[in-house]
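Following: one structure in C-alpha cells, then a few remarks.
Right, dumping it as C-alpha cells:
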C-alpha cells in the first residue's frame, strides 16, 4: 500500500492546495475515535486477565469434553504426561549422555555447596536426588539442571547462621534449614498458583548481573578458607571482602597449610585450563564438565596414598550412607523459629526462583519453546516442599550445569532423572570413596564454577546501553561484596524501583517540528532538520500523565512556552505563539490528577491568549477526557487525529502569518 | 501548512505511484534520526536538572552582578522583599478586610482544633500568631491562610496520644507535641532545600480526596463527645467509627446532657444555614465566615447569664493570657522521645505539606501566578520550626480559611499578618471572654468546618474518570473511618504506588490498522474503520520497555502473532504474516532487559520466518538500540520513521499478495 507517495507530491502541489484549502476545499480530516462508553466489567476483566493470565492458560480448555478437560488438567500439572507420549529411544540417548555428564559435574559441586551452607556433604547430594525427580514430572523446561547452587547455598547459609550457630547447635541449624526450605517452596508455589510470577520481574537483568557477580566473588572469598587450609576457628563469620581479607592475613602467621595450597592451586589451574578449552572449542564442552570429577578422583587417590591428611590437609571425612532420611518432623511449625524460617525461606525462595526462571527462559528462547513462568514456579515450589521433607535444602536451576546439559544434547527433563539416579547410586555405594577427598579440591571446583557467574561483558554492555542500569548493577555488586548478600539484594531492588518511579515522576517532553517533505512531526532534537511551525508550539509528553507527574508535566509545558516566548522577543520576524498543540501519542493513560493538570494548563493558556489543542489521544485517555467533560472545556473541535491535522486547522484559523518558515 | 492535502490525492494517484514505486520511483522515505553519541555528562546533568530543578530556579541569576545576585538571593528567601516594593494602600485595603475576616473565623476554630489535639485552647491561638507571621515573610502564595487545621490536629493528637497519655502526663505530652512540630518543620524545610518536593506528588489527588473525607468524618465523630456532653472518661480513645459509636451508645445511659445538645444543635443549624447562604450567593461569603464568631459570642453570653455551666454544660474555662511562651527547652533532643517525635513529625509534616501545597497550587492557578513548591516547603518548614520554639503546634494552610481569604479579596500575605495581630490582641485582651464559651459550640463549629472536606462531587468524578483512582480514594476513606488515620494514609500510598507499578508491569499493546484515506495507522479497537494490511501485523507497545515488563511485552507480541495466525487458518484468502511491525512511538525508553526481550523476539520471529520491523523509535530508544548493535541484528534498513514508511517497504518486498484488503 503506497500510502506514503503523497509525500513527494506534497511539495509540488503545496501552493495549489494551500490556497484552495484556505477557502473551502478543506482536506480530509479524519475524526478522532470517540469510543463507546466503556464497559466497566469488561475493562476490569481485561485488566485482571492481562495482569494475572497474560498467557491465557485456559485457552486449550475451550470447547473440550469433560474427560478431555481432566486429561488436559493433568497434563497441565504434570507436563511429563504430554511430552512423555512422544518420548523415544533417540531422545533417551541424548538425555542419558547429558544426565551422566551433569551427574559427574554435580556430585563434587554438591559436596562443596553443602559446605558453603555449613551442612554435611550428604545434604548436597540429597538435594540432587529428590528435587530433580519431582521437577522432571512437573517442570516445563527441557534444559534446566536442578540441584543445589552456589548463590542460594551461600545465601541460605548466611541467613540461617545469623540466627543459629551451626557449630554449637547443629541440630537446630539443620531444622531451621529445612524450615526455610519448606517455606521457600511454599513461597514459590504460592506465587505460581496466585499467578504473581511477574513479581520476580522486578529484579532487573542489570541487578541480577551485579548480584551474581558479587555473590561469585563472595563465594570465591569464602573458598580461600579451604583453599589455604585455614581452620574455621580463625576465619571470620562475615562474608564481606574486608572482613575476609583481614581474617586471611591474620591467620597467615597461624600458618597456612602449604600442602593444601599446592593441591588446591594445581587442580584449580587444571580446572581453569579445562574451562578455557571448553570455551575455545564448543565441541569439547565435556572437558570442563568432567574435569571436576577427574580432579576429585586424582586428588583423593593422591591424599589416600600419601596420607597427606596427616600433614594437615583437611579432608571431607565419612559421609552418611543413608538415602534421604525423612525430615518432615524436623520442620518448625510453631514458635519463634517458624517466623525466622518463614522470613529466610521467602528470601532464598525468591532468589532461587529468579535464577531458575532466568535459566528456563534463556534456554527456551534458544530452542524456541514456551516456558510457562507460573507453572514453572509451582513445579519448583513443589520440589522444594517435597525436598524439605526428605532432608534436602533449597534446590533450583544451576547456570553452569544447565549449560552443560544443553551442550551435551539433553532432549527432555529425563536427563534430570538420569542424574538423580546416578546421585542415588553414589550416595548408596560410592560415598566411602570421598572420605579422603581434600577440601581444597572442593574449593577449587567451586571457585572455577562461580567464576562463570562474573559476567564482565554483560556489565560492559549494560554500561554502554543504560547508565542507570549500570548503577543498579554496580550497587548490587558492591553491596554484596562489601557488605552482605542481603544488602546487595536490597540495593538492587531499591535502585530498580527508583528507576521506574523516576521515569513516571519526570517524564521527558519534546518540542516537535515538521520533517521536510512529509506530514510527519518529530522531536526537533532527534531530527534537527525538522522545522518549527510559526505561531504554533508542539509539545509531546513522553509518559502516562499520573498524579506523580501531572504537576511537573503542566509546569514543564508552560516553561516550554515561556522559553519560546522569550526567544520570540528577540528581533526576528516570528509571530507570537497562538496555539499550543500537545501530542498525546505516547500518553498511554491519564488519571484524575492528570486531567486536573490539563484543566489548569488550559486556564493558564487562556490567560495568555494561547489556544490548547490536543493531538492523537489514545482510547483510555479520550475516554477519561470525555468523562471529565474536558473536550467541552477546550472545544470539541480542538482534538485531532494527528499533529498534521491539528496544524492544518491552526493554519487556517491563524491570520497573522508574518513570515514563512 | 497544508501537509495533509496529500490524503485526498492519495486515493486518486495510488495506482499510478504504486506501479511506479515498485520499480524504481520509490517515494521519499525519510531516514530515521540516528542521533550523535550522547554526551554522558550532559545527559546526567539534564536528568539531575529535570528531577530536582525542573523550575530552573537560578534562571534569573544569570548574567547579573554580584550585588544584584545578593539582592536576588534575599528576595528568593524572603519574597516579601520583592512584592513588598510594589505594595500600596489599595492592596492593603483588600488585605485588611480579608485578614479581619479570617481572624474572626480562625479564633473559634483554633480553640476547637487545639481540643482535637488534646491541647489547651491557647496553643491553638499561639499557632495562629507566630507561624502566619513567619510565612508572610517567606511564603510565595498570596491566598493561603496559615494556622492550625483540623486534619493535622487530629493526626498529631492521635499519634502523640498513642505514645503519651495527655491526662496523666500533660507535660510530657506537650513536650512531645513540640518535638513533633519541630521535626515536622525540619522535614518540610529539608524536603524543600534538597528539592525533593516532588515526593509529595506521590500522594495522588484521589487518595487525598478519600483521606480528607475520612478524616472529616473521624473528626466529626470525635466532636460528638462535646456535642452530646459526654465526659472524656466514658469516651473511647480509638478514632474508628465502630469504637466511637459503641462508646456513644454505651454512654447514653450515663446520660447525655440535653442542655448541651440543645445549644450545640441549634447553633450547628445556624452555622449550616449560614454555610448554605454563602454557597448560594458568592457575594455573601462573609456570612459563613463570621457565623462562627457570632455563635461563640451569642452562646457564651447565653451560658454566662443562664449559668448553664452549672447544669452540666461543659465550658472552655480560663485561658492563659501569656503570649507564646518560649518552648525551645521543651523539645526533646535526646532519648527515646526524640525518635518518637521524629517519626510523628515526619508524618504530620508530610500531611501538613500536602495540604498547604495543594492549596497554594489551587489558588495560584486561579489567579495565574507561580508558586514555587520547594521554596514554599522551606517557608512552611521554617515557620513550624520557629513555631515549635514558641509554643505552637504544627500549622499549615487551611482549606476553608484560604477560600474565605481569597473571596474576601486578599492581595498578598499581609492578610496573614493582619490575622496574626488580631489573634495576638485576642490572646492578650479577650481570652477572659471565652471562659464561658460552651464546648458544644466549638464542636458545632468544627463539624460545620470539616463537612466542607467531604467532597462527594470529586469522588463521583473520580469514579467516572478512573476506577482505579476510585479504589485508592475509597481505600483511604474506609481506612481512616474504620481503622485509623495512619492506616488510611498507608492504604492510599500503597494503592497509588501499586497503580504506577501495575501500569509499568502490564502495559497495553494494540493492533494498528490504516485509517482510510490517510497514511495514518491507529489502534483498530479505537478506530474500527481502520484496515489491517494483509501479510503484516502492526503492534504498538504503550509504555517504556523496562525489566518489569520486557518479558510480558515480548510474550504479548508473540501471542498477538499466534492469535492472528490462528485466525488466518480459517478459510479466507488472507496471506500468511511475513512482517511484524512494532510501532515504538509510545515507547519512551528501554533498558537492557528490554533490549534482551527484543533480541529474543527477533530470534523467535526468525524461526517463524517473520521479519521484525521497527517504526518511529525515539531518541533514547534508538541510542540504546544502536549501543546494543540491535539494528545490525535485524538489518539497519528495518527501522523506519513512520509505520507508513515501514508498510511501504514491506509492500514492495512482499511477493505473495493473495488478495486485497
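Protein chains in written order, with this note's numbering: chain A, 162 to 822; chain B, 162 to 822.
Glycine included, C-beta positions come from ideal geometry on N, C-alpha and C.
By the Cβ-count criterion, residue 530 of chain A is exposed, with fewer than 16 other Cβ atoms from all chains shown falling within 10 Å of its own Cβ. The DSSP-derived three-state label of residue 673 of chain A is strand. The continuous alpha helix (DSSP H) containing residue 369 of chain B extends over residues 366-389. Contact of residue 664 of chain B with chain A by beta-carbon distance below 9 Å involves 665, 705, 707, 749 and 750. Interface criterion met: the Cβ of residue 363 of chain B is under 7 Å from a Cβ in chain A. Residue 330 of chain A and residue 202 of chain A have their C-alpha atoms some 57 Å from each other. Going by C-alpha positions, residue 424 of chain B is about 14 Å away from residue 384 of chain B. Apart from the 5 residues on each side of it in sequence, residue 380 of chain A sits with its Cβ closer than 7 Å to the Cβ of 277, 311, 315, 607 and 611 in its chain, given in chain order. In this structure residue 758 of chain A is in contact with residue 706 of chain A, their Cβ atoms being roughly 7 Å apart against a cut-off of 8 Å.
Taking all protein chains in view, the Cβ of residue 225 of chain B is surrounded by fewer than 16 other Cβ atoms within 10 Å, so the residue is classified as exposed. In the same chain as residue 691 of chain B, and ignoring 5 residues on each side of it, the C-beta atoms closer than 8 Å to its own belong to 673, 674, 675, 676, 677, 682, 683, 684 and 685, in chain order. Taking all protein chains shown into account, residue 336 of chain A has 16 or more neighbouring C-beta atoms within 10 Å of its C-beta and is therefore buried. Of all alpha-carbon atoms in B:252, B:546 and B:241, the one lying nearest the alpha-carbon of residue 291 of chain B is that of B:546. Taking the Cα positions, residue 639 of chain B is about 47 Å away from residue 309 of chain A. DSSP, reduced to helix, strand and coil, places residue 355 of chain A outside both helices and strands of the structure shown, so it counts as coil. Under the 8 Å Cβ criterion, the segment 741-748 of chain B does not count as touching the segment 616-627 of chain A, having fewer than three qualifying pairs. Contact note: residue 366 of chain A reaches chain B through 708, 753, 754 and 757, using a C-beta cutoff of 7 Å and chain order. The C-alpha of residue 593 of chain B lies about 7 Å from the C-alpha of residue 480 of chain B. Approximately 7 Å separates the beta-carbon atoms of residue 421 of chain B and residue 599 of chain B; this is inside 8 Å, confirming the contact.
Neighbourhood of residue 669 of chain A in chain B, by CB distance below 7 Å: 749, in chain order.
By DSSP's assignment, residue 566 of chain A forms no beta bridge with any residue. Within the same chain, Cβ atoms closer than 7 Å to the Cβ of residue 765 of chain B are found at 719, the five residues on either side in sequence being excluded.
Annotated as proximal: residue 517 of chain A and residue 557 of chain A, with beta-carbon spacing under 7 Å. Interface annotation, residue 572 of chain A: not in contact with chain B, CB-CB separation never under 7 Å. A Cβ-Cβ separation of about 4 Å places residue 255 of chain A in contact with residue 572 of chain A under the 8 Å criterion.
Contact of residue 763 of chain A with chain B is not assigned, every C-beta pair being separated by 7 Å or more. Put simply, the CB of residue 681 of chain B is near chain A, with a gap under 7 Å to one of its CB atoms. Residues 306, 562, 565, 566 and 580 of the same chain have their beta carbon placed closer than 6 Å to that of residue 263 of chain B, with the five preceding and five following residues left out of the count. Residue burial annotation: residue 723 of chain A is exposed, with fewer than 16 other C-beta atoms found within 10 angstroms of its C-beta. Membership of residue 256 of chain A in the alpha helix (DSSP H) is indicated by the continuous run 250-277.
One alpha carbon belongs to residue 370 of chain B, the other to residue 790 of chain B, and they sit about 49 Å apart. For residue 503 of chain A, the uninterrupted alpha helix (DSSP H) run begins and ends at 497-528, by DSSP. Closest in C-alpha terms to residue 466 of chain B, from the list B:596, B:434, B:542 and B:694, comes B:596.
In this structure, B:655 is the residue among B:495, B:655 and B:338 with its C-alpha nearest to the C-alpha of residue 630 of chain B. Residues of the same chain with a CB within less than 7 Å of the CB of residue 233 of chain B, apart from the 5 flanking positions on each side, are 221, 222 and 225 in chain order. Think of a sphere of 8 Å around the beta carbon of residue 802 of chain B: the chain A residues whose beta carbon falls inside it are 676, 679, 681 and 683, in chain order.
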